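Under the working numbering, residues 1 to 241 are what the sequence shown spells out, in order. Structure first, commentary second.
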Amino acid sequence: MVSFAPEQQRARQIEQAPRTLAFSEQVDFATWQRLVAAQLQSMVGVIPGHDPLNLHIEYTHDTPTYRETRFIFTAEADADVPAHLLIPTHGQPPYPVMICLQGHTSGMHISLGRARYPGDEASIAEDRDYALQAVRQGYAALVIEQRAFGERRDRRPDSVRHVVDRPCHFTTLTALLLGRTLLGERVFDVSRAIDALAAFPDLDLQRIGCVGDSTGGTIAYFAAALDARITVTMPAAYVCA
Numbered sequence: 001m002v003s004f005a006p007e008q009q010r011a012r013q014i015e016q017a018p019r020t021l022a023f024s025e026q027v028d029f030a031t032w033q034r035l036v037a038a039q040l041q042s043m044v045g046v047i048p049g050h051d052p053l054n055l056h057i058e059y060t061h062d063t064p065t066y067r068e069t070r071f072i073f074t075a076e077a078d079a080d081v082p083a084h085l086l087i088p089t090h091g092q093p094p095y096p097v098m099i100c101l102q103g104h105t106s107g108m109h110i111s112l113g114r115a116r117y118p119g120d121e122a123s124i125a126e127d128r129d130y131a132l133q134a135v136r137q138g139y140a141a142l143v144i145e146q147r148a149f150g151e152r153r154d155r156r157p158d159s160v161r162h163v164v165d166r167p168c169h170f171t172t173l174t175a176l177l178l179g180r181t182l183l184g185e186r187v188f189d190v191s192r193a194i195d196a197l198a199a200f201p202d203l204d205l206q207r208i209g210c211v212g213d214s215t216g217g218t219i220a221y222f223a224a225a226l227d228a229r230i231t232v233t234m235p236a237a238y239v240c241a
C-alpha cells in the first residue's frame with residue numbers, strides 16, 4: 001500500500017521503537033530515573049557550563065497581599081531572563097515556591113494578572129493569572145519570561161521576520177542548527193531560575209512546584225523530569241487538552 005502521510009510513518013516508528021528504558025517493578029526506581037533523565041537531557045540538548053547568574057534586583061514593592069521583587073539573571077551568555085518573585089504577606093516563611101510559566105500569550109505579565117496588550121484581559125479571565133492564584137494559596141510565586149515570548153521576543157523588524165505571527169519560529173529552527181532545542185533551552189532557564197532563588201531567604205527550596213498551560217505546561221512537564229529540585233508539577237493542555 002502506498003503511504004504519503006508522514007503521520008503514518010511516525011505511528012509505525014513509535015510502535016516499533018525499542019522500549020529500552022521502560023519501567024518495571026524489577027528495576028530500582030532511582031537508578032531508572034537517572035537513566036531516563038540522562039537520555040532525555042541528551043535528546044533536548046545539553047547546554048554546556050554555567051555562566052555567573054549576575055542577579056540584579058530592579059525593584060521591590062509591597063501590596064496588601066504580597067511583596068513583589070523584579071529581578072534579572074543570566075541563564076547563559078547573551079540570554080538574560082527577567083523575573084518577578086511574589087512572596088505572600090500572610091503565613092510564615094519559609095514559603096513553598098510555585099514557578100509559573102505562560103504558554104503562547106503576550107508574555108509573563110499574564111501570570112501577574114496585568115493586561116498590557118489587546119486580548120490580555122480575555123487570557124487573564126481564563127484563569128491564567130497563576131502567580132496571583134499561587135500567592136492566595138500561600139505559595140511564593142516565581143514568574144519568568146520564557147525565550148521568544150514577551151520581553152524576550154524576536155525584535156527583528158517584520159520585513160526580516162518571515163513568519164511574524166509565530167514568535168518561536170526563528171528561535172526554534174536556529175536552535176536545531178546548533179544541536180539544541182528551544183524546549184531544552186527553556187527548561188535550562190527554569191533550572192537557572194531555581195539557582196537564583198537561593199538569593200531569597202524566605203523561600204523553602206525543598207518545596208518547589210511548577211505550573212503552566214500549553215507551551216508553559218510542556219516546559220513545566222519537562223523541567224520536572226530533568227530537575228529533581230521540582231517536586232510537583234501541574235501541566236495543563238500538554239499531557240491532555
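Think of the CB as a built atom: it goes at the ideal place given N, C-alpha and C, for glycine as much as any other residue. Being a predicted model, the structure only gives us computed values, none of them experimental.
- Inclusion of Ile230 and Ala193 in the CB contact set at 8 Å is not warranted, their separation being larger than that value.
- Between the alpha carbons of Phe170 and Arg180 lies a distance of about 13 Å.
- In the DSSP assignment, Glu68 forms a beta bridge with His61 and Leu86.
- Collapsing the DSSP output to three states places Arg19 in coil.
- Annotated three-state conformation of Ile194 is helix, per DSSP.
- Taking one beta carbon from each stretch, the segment 204-212 and the segment 180-189 have fewer than 3 pairs nearer than 8 Å; the two do not touch.
- Per DSSP, the unbroken beta strand (DSSP E) holding Gln206 starts and ends at Leu203 to Asp213.
- When only Cα atoms are considered, Tyr130 and Ile72 end up about 20 Å apart.
- With a cut-off of 8 Å on Cβ pairs, the segment 73-87 is not in contact with the segment 209-227, counting fewer than three such pairs.
- Per DSSP, the unbroken beta strand (DSSP E) holding Leu101 starts and ends at Tyr95 to Leu101.
- Contact between Gln102 and Arg128 is confirmed by a C-beta separation of about 7 Å, below the 8 Å threshold.
- Taking Trp32 as the centre and dropping the five residues before and after it, the same chain places the C-beta of Leu21 and Phe23 closer than 8 Å to its C-beta, in chain order.
- Residue burial is scored here from C-beta neighbours: Glu58 has fewer than 16 other C-beta atoms within 10 angstroms and is therefore classed as exposed.
- Annotation: Thr89 to Ala134 spans about 13 Å, alpha carbon to alpha carbon.
- Separation of the CB atoms of Thr105 and Leu85 is rounded to 20 Å, and the pair is thereby denied contact status at 8 Å.
- Nearest neighbour of Leu55 by Cα position, chosen from Ala196, Thr215 and Ala225, turns out to be Ala196.
- The Cβ-Cβ distance between Ile47 and Glu185 falls below 8 Å.
- Residue range Tyr130 to Arg136 is occupied by the alpha helix (DSSP H) that includes Val135.
- Under the 10 Å beta carbon count, Arg152 is surrounded by 16 or more other beta carbons and is classified as buried.
- Thr233 and Leu177 have their C-alpha atoms some 30 Å from each other.
- Contact between Val36 and Phe222 is absent: CB atoms are separated by about 12 Å, not below the 8 Å threshold.
- Rounded to the nearest whole angstrom, the CA to CA distance from Leu132 to Phe200 is 19 Å.
- Residue pairing by DSSP leaves Glu185 without any beta bridge partner.
- Per the DSSP secondary-structure output, Glu25 pairs with nothing in a beta bridge.
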